[in-house]
């Protein structure tokens, strides 16, 4: 939670304001983008770019994991285990420069991101009477 407070402090002067559910969708969107870029960088043997993108992707997953409240819903513990697995696979992919491992993580991230987008739209629809 201290990490989230530090992030909030860093960006507290920014003009962008969003809901928690939209923040999660933004994180998933960036995570997927990082994984696509890392996979491409590995395939073109650009280790520096792959490393940078995979480290950033790991930071996003760590943030998602650290902000997950496992006491809120019964599926949270399973999601936490999935996040931990993703972190391990991204570290392995980075060390081994293995695009297949990146692709495997991405194959899980993309449907999760779509699910979060659907949930965020439902919340917005119920709150405002229409999707935002």
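Residue numbers (the numbering used here): 1 to 132. Glycine is no exception: its CB is placed at the ideal position from the N, C-alpha and C atoms. None of the values given here were measured: they were computed from a predicted structure.
1) Roughly how many angstroms separate the alpha carbons of residue 93 and residue 100, rounded to a whole number?
2) Among 18, 45, 69 and 23, which residue has its Cα nearest to the Cα of residue 60?
3) Please check the pair residue 21 and residue 84, which I expect to be a contact at CB under 8 Å, by giving their CB distance rounded to whole angstroms.
4) When the distance is taken between beta carbons, is residue 35 closer than 9 Å to residue 95?
Reading off the structure:
1) Between residue 93 and residue 100, the C-alpha separation is close to 8 Å.
2) Selection 18, 45, 69 and 23 evaluated against residue 60 yields 23 as nearest (Cα-Cα).
3) Not quite, the Cβ-Cβ distance comes to about 23 Å (not below 8 Å), so this is no contact.
4) At a Cβ-Cβ threshold of 9 Å, residue 95 and residue 35 do not count as neighbours.
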